[in-house]
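First residue of the sequence shown? That's 48 in the numbering used here, and the numbers climb one at a time after it.
Glycine included, C-beta positions come from ideal geometry on N, C-alpha and C.
The structure displayed is predicted, hence computed values, not measured ones.
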Amino acid sequence: MSVGAKRGSPTLVWGGLVAAVLVMVLCAGALTWAWQVDGDDDLLAANRSQAQQQAGPLVAQVFSFATDTYAQDRERARSLVTDEFAEQYATSLDPAAVPDYSVSWTPIETGISDVGTDHAELVVSAEVAQTRTGTEPARYVKALDVRLEKVGGDWKLARADEVL
48 MSVGAKRGSP TLVWGGLVAA VLVMVLCAGA LTWAWQVDGD DDLLAANRSQ
98 AQQQAGPLVA QVFSFATDTY AQDRERARSL VTDEFAEQYA TSLDPAAVPD
148 YSVSWTPIET GISDVGTDHA ELVVSAEVAQ TRTGTEPARY VKALDVRLEK
198 VGGDWKLARA DEVL
């Protein structure tokens, strides 16, 4: 032991106190991080479930229409898409341009490729029936790469690109 150094000197006590506080701060930070990650996992799981359940019906409602209810169908579709989507597809959502055929989308499968706290990326396949008055429906299957975004707590269609 050197001269002037005593066991229990103030420097040693303060050093131990600083180390203890540092350990407590690190533990509190780790617990906060773990709690946040767990909270995000719960939110992502809920979003995954909601998006998978709602994507097919959203696509069907947005892209299906009948000639006799076309204006109402387009108004309903407009309420289910983001503002950006509506601007991009304004002509297909225009209730005044009534076509001479009806289209019905029936979802088949939905798969998720990405989910976040406010969005989801999915692939939706659907049987599409296009019917002109007095004819049998033409039926085919389409697959869309879609993006849903949460707007005011509701999932809305933000993008829909046909997959080749």
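>> Please report the distance separating the alpha-carbon of G103 from that of G76.
In response: For this step, residue 103 is matched to residue 56 along the sequence shown. For this step, residue 76 is matched to residue 29 along the sequence shown. So the alpha carbons of these two residues sit roughly 41 Å apart.
> Taking the Cβ atom as the reference point for each residue, do T129 and K197 lie within a distance shorter than 7 Å?
Replying inline: Here residue 129 is taken as the residue at index 82 of the sequence shown, counted from 1. Here residue 197 is taken as the residue at index 150 of the sequence shown, counted from 1. For T129 and K197, no; Cβs fall outside 7 Å.
> Going by beta carbon distance, what residues of the same chain come within less than 6 Å of P258, once the five residues before and after it are set aside?
Replying inline: In this structure the chain extends from 48 to 211, so residue 258 is not present and cannot be described.
> Hey, V106 and V171: beta-carbon distance below 7 Å or not?
Replying inline: Counting from one through the sequence shown, the residue named residue 106 turns up at place 59. Counting from one through the sequence shown, the residue named residue 171 turns up at place 124. In this structure, V171 lies closer than 7 Å to V106 by Cβ.
> Just reading off the alpha helix (DSSP H) that S215 is part of, what are its end residues?
Replying inline: The chain is shown only over 48 to 211; residue 215 falls outside these bounds and no answer can be derived.
>> In this structure, how does DSSP classify A98 when only helix, strand and coil are distinguished?
In response: For this step, residue 98 is matched to residue 51 along the sequence shown. Correct three-state label for A98: helix.
> Does the count of Cβ pairs from the stretch 93-100 and the stretch 146-161 closer than 8 Å reach three?
Replying inline: yes
>> Quick check on A207: buried or exposed, where buried means 16 or more other Cβ atoms within 10 Å of its Cβ?
In response: On the sequence shown, residue 207 is found 160 positions in, with the first residue counted as 1. Under this definition A207 is a buried residue.
>> Please return the same chain residues whose Cβ sits closer than 6 Å to the Cβ of D192, not counting the five positions on each side in sequence.
In response: Taking the first residue of the sequence shown as position 1, residue 192 is located at position 145. Result list for D192: V170, D208, V210, in chain order.
> For S149, which beta-bridge partners are listed by DSSP?
Replying inline: Counting from one through the sequence shown, the residue named residue 149 turns up at place 102. Per DSSP, T178.
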